[in-house]
Amino acid sequence: MTQSSAPPGAVRHRYEGFRAWYGDRLDSAIGEELGPELVHHAAELLAMAPELLDDERDVIFDAVLESLVALQAGSTRIRATTQLQALVGTPATSRILSSDPLAFTPLIVVDDWLYHQRTLHYERSLARAVRARHVLGAAQWSDADIERATTAVFDSSRLSDEQREAVLSAARLPLCIVTGGPGTGKTSIVAALLRLLVELGVAPQSIALAAPTGKAANRLGESVFGQFGPLEPTDALAAVEQPSTLHRLLRYSGAGGRFRRDETDPIPADWVIVDEASMIDLVLMERLVRCVAPDAHLVLLGDVEQLPSVDTGTVLRDLIGAEPFVVRLRESFRMNPADPAGRSILGLAEAVRHGDAEAAAERLAQGPGVSYTDVDSTEYRGELVAFVQDWFDTRLTAVDDFWELIGRRYPLVDGRFDEPDTERIARLFAHFDRFRILCLTRVFAAGTGALNEAFHARLARKTIVESAPDLIAGEPVLMLRNDYERGLFNGDQGIVLWVDTGDDVRFAAVFPEGGEYRAHHLSGLHGQLTHAWAMTVHKSQGSEFDEVALLLPEEDVPILSRELLYTGITRARRHVHVLGPRTMLDLGISRMVRRYSGLREAISAP
Numbered sequence: 111m112t113q114s115s116a117p118p119g120a121v122r123h124r125y126e127g128f129r130a131w132y133g134d135r136l137d138s139a140i141g142e143e144l145g146p147e148l149v150h151h152a153a154e155l156l157a158m159a160p161e162l163l164d165d166e167r168d169v170i171f172d173a174v175l176e177s178l179v180a181l182q183a184g185s186t187r188i189r190a191t192t193q194l195q196a197l198v199g200t201p202a203t204s205r206i207l208s209s210d211p212l213a214f215t216p217l218i219v220v221d222d223w224l225y226h227q228r229t230l231h232y233e234r235s236l237a238r239a240v241r242a243r244h245v246l247g248a249a250q251w252s253d254a255d256i257e258r259a260t261t262a263v264f265d266s267s268r269l270s271d272e273q274r275e276a277v278l279s280a281a282r283l284p285l286c287i288v289t290g291g292p293g294t295g296k297t298s299i300v301a302a303l304l305r306l307l308v309e310l311g312v313a314p315q316s317i318a319l320a321a322p323t324g325k326a327a328n329r330l331g332e333s334v335f336g337q338f339g340p341l342e343p344t345d346a347l348a349a350v351e352q353p354s355t356l357h358r359l360l361r362y363s364g365a366g367g368r369f370r371r372d373e374t375d376p377i378p379a380d381w382v383i384v385d386e387a388s389m390i391d392l393v394l395m396e397r398l399v400r401c402v403a404p405d406a407h408l409v410l411l412g413d414v415e416q417l418p419s420v421d422t423g424t425v426l427r428d429l430i431g432a433e434p435f436v437v438r439l440r441e442s443f444r445m446n447p448a449d450p451a452g453r454s455i456l457g458l459a460e461a462v463r464h465g466d467a468e469a470a471a472e473r474l475a476q477g478p479g480v481s482y483t484d485v486d487s488t489e490y491r492g493e494l495v496a497f498v499q500d501w502f503d504t505r506l507t508a509v510d511d512f513w514e515l516i517g518r519r520y521p522l523v524d525g526r527f528d529e530p531d532t533e534r535i536a537r538l539f540a541h542f543d544r545f546r547i548l549c550l551t552r553v554f555a556a557g558t559g560a561l562n563e564a565f566h567a568r569l570a571r572k573t574i575v576e577s578a579p580d581l582i583a584g585e586p587v588l589m590l591r592n593d594y595e596r597g598l599f600n601g602d603q604g605i606v607l608w609v610d611t612g613d614d615v616r617f618a619a620v621f622p623e624g625g626e627y628r629a630h631h632l633s634g635l636h637g638q639l640t641h642a643w644a645m646t647v648h649k650s651q652g653s654e655f656d657e658v659a660l661l662l663p664e665e666d667v668p669i670l671s672r673e674l675l676y677t678g679i680t681r682a683r684r685h686v687h688v689l690g691p692r693t694m695l696d697l698g699i700s701r702m703v704r705r706y707s708g709l710r711e712a713i714s715a716p
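Position one of the sequence shown corresponds to residue 111 (this note's numbering), numbered consecutively onward.
Following this line, the structure appears as structure tokens:
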């Protein structure tokens, strides 16, 4: 979003007219950090009704600004004021405001709620698609077939009763949602479900696995297929395709900005299994449910307590509240007494989830697996400097031959690395995947921007005498958007290395691809990469690390919430360290994400 207070070029010619209408209120709204694009979008919308009286225009202008801010924060609707409702149906507002849910006016008031037409359309379309799946019949197998298949699968697994219920429900029902916290075995359920479906005669090629991001899709593949062990070519499960991103599954066109799949060209699969469903926003979920064929099955897995999607909606939460086909996993296998670190992390996560700051503080003080450094806000920046130095020395570079691994030249032969270099690169990836710093924001002293800059500077001083470029060998990087041409997706994580192409030696971003590693020139990824020494909690969804450092902000920020802290904590397998002022920890635990949506009501409507 642009930071200039001047309106975008498309509406520049109307700017003086807006000023005549709103006077200082226009600059005041911009000054309150609503963002100039939001403010001028609201003013542009009001320009559709020039016959409005001044007080009518003020009411709608304020409502539009509030609704746009709410959309940015993830809500699909806001309460309509009595003043706004009084304007519905008047001749002056007929071009922009209606009470008809099927109208094409920009704003629609339904049951005391104000919607933008586009958001209402997606919400109601998703609700219709979900209700349509309610009337579909369950998969029909004989009792004998079920008994034979479950005996073959369950007897060779260690699934709990609730996990077995989830597997059977997912195999039978047209729509099944499986929700549970960390360690409840969601990927074990996917693995068992695949085996069960194949035992029941489902063609492996007709099963589609997916996740919202490339990182989450890769982790699903590693977690699920890793449980099978090496698959022989004759093994039917070897024909199950590796998980893809939802955008790829739905054939999203980056150039056209649209999905190519729809009801006339549905996903070619009998079972569609999607992990990390809490990350799916309203628009993406609407398209997904619509594109599952009427006679196919959709299985959604996710942790409803995690952060909702970055974009609009609390879709998984709404679906679980309205959808009858939900299996809740409550038993955590990290609570095994033999794993006290995992038990401590889960205990801390539960305290945060329940909003109990005192219990969370007690957990953090007990360990093992959890620790806390309470820092006064006035001393925080100095503490962060010491933290960066310690983390760099004791984690980032603490692997055998680290300096040799990042300093060597990696030659490409026909676009591929040889086996010894592939093993070296795999060691680096495994090393960086063991730990990560998680921040709440990109800005401020405890944000990813400042932390990544500090680590970059420290690595540059160790490896390069002259001024260093923005990205140098040995740096973990993160994709910021989808690049369909290169097969890289938002959230994918790589490492910058010296790569010898045969023509020259240059820095390249190396990413995993199908059990190998691919190198991409940095010039071709300009503007698409960022450092990933530290990453935001939002970007970490779909990832897990042995050790996580969760950095609290020095002052309150709007996104500080219980869900954000819970998500950050549960990225850790073995240890989580929280750093920051106790006041910020308590405030975050006390504050829940508030998003307003009508999806649950729409699904439950007759």
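Where is the CB? At the ideal position from N, CA and C, for every residue including glycine. Because the structure is a prediction, the values reported are computed rather than measured.
When only Cα atoms are considered, A403 and L394 end up about 16 Å apart.
By the neighbour-count criterion, in which a residue is buried when 16 or more other Cβ atoms sit within 10 angstroms of its Cβ, H636 is exposed. Per DSSP, the unbroken beta strand (DSSP E) holding R519 starts and ends at 519 to 521. Residue nearest to N592 within the set G584, P586, G601 is G601 (criterion: CA-CA distance). Of the candidates G652, T424, T677, G652 places its Cα closest to the Cα of R329. L236 is positioned such that its CB atom lies no closer than 8 Å to that of V436. C-alpha of A629 to C-alpha of T488: approximately 44 Å in a straight line. Distances from the CA of V498 to each of A159, E161, A560 were compared; the closest alpha carbon is that of A560.
Between Y627 and I516, the C-beta spacing is not below 8 Å. The alpha-carbon of W381 is positioned some 13 Å away from that of L359. Secondary structure in the region 411 to 496: the alpha helix (DSSP H) runs of 4 residues or longer, each lying completely within the stretch, are 425 to 432, 450 to 463, 467 to 476 in chain order. Around L285, the same chain offers R243, L408, F435 as residues with beta carbons nearer than 6 Å, after the five sequence neighbours per side are excluded. For A712, same chain residues with a beta-carbon under 7 Å away, outside a window of 5 residues either side, are E233, R234, A237 in chain order. Contact between the region 638 to 658 and the region 579 to 587 is present, with at least three C-beta pairs closer than 8 Å. Comparing C-alpha distances from W251 to each of L224, G366, V312 shows the shortest one belongs to V312. Residue state for L163 is assigned as coil, using DSSP reduced to three classes. Judged by DSSP in its simplified three-state form, E233 adopts helix. By the CB criterion at 8 Å, L458 and I679 fall inside the cutoff.
In this structure, DSSP gives H636 a state outside helix and strand, which the three-state scheme calls coil. A153 sits buried, since 16 or more C-beta atoms from the chains shown fall within 10 Å of its C-beta.
If you draw a straight line from the Cα of V308 to the Cα of L347, it comes to about 7 Å. Unbroken beta strand (DSSP E) runs of no fewer than 3 residues, entirely contained in the region 507 to 590, are found at 519 to 521, 545 to 549, 586 to 589, following chain order. It is roughly 12 Å from the alpha-carbon of D385 to the alpha-carbon of S298. As for any alpha helix (DSSP H) of minimum length 4 sitting wholly inside the region 247 to 291, the runs are 253 to 264, 271 to 282, ordered along the chain.
The beta carbon of R305 is closer than 6 Å to those of V263 in its chain, skipping five residues each way along the sequence.
The alpha-carbon separation between L246 and R282 amounts to approximately 11 Å.
Beta-carbon to beta-carbon, C549 and A540 are separated by about 23 Å, too far to satisfy the 8 Å threshold.
Segment contact: the region 461 to 473 against the region 516 to 534, fewer than three CB-CB distances shorter than 8 Å; contact not assigned.
When secondary structure is reduced to three states using DSSP, I713 falls in the helix class. Under the three-state reduction of DSSP output, G311 falls in the coil class, being neither helix nor strand. Distance from the CA of T294 to the CA of R544, rounded to the nearest whole angstrom, comes to 21 Å.
Take P521, set aside five residues on each side of it, and the residues of its chain with a beta-carbon closer than 6 Å to its own are D610, in chain order.
DSSP places L181 within a helical segment (H, G or I) once states are collapsed to three.
Its Cα nearest to that of E654, the residue P292 stands out among P292, D172, R371.
Setting aside the 5 residues that flank it on each side, V219 is surrounded in the same chain by A190, L194, Q195, V198, L207, S208, S209, Y225, each with a C-beta closer than 8 Å to its C-beta; the list follows chain order. Taking A619 as reference, the option from R205, F502, I605 with the minimal CA-CA separation is I605.
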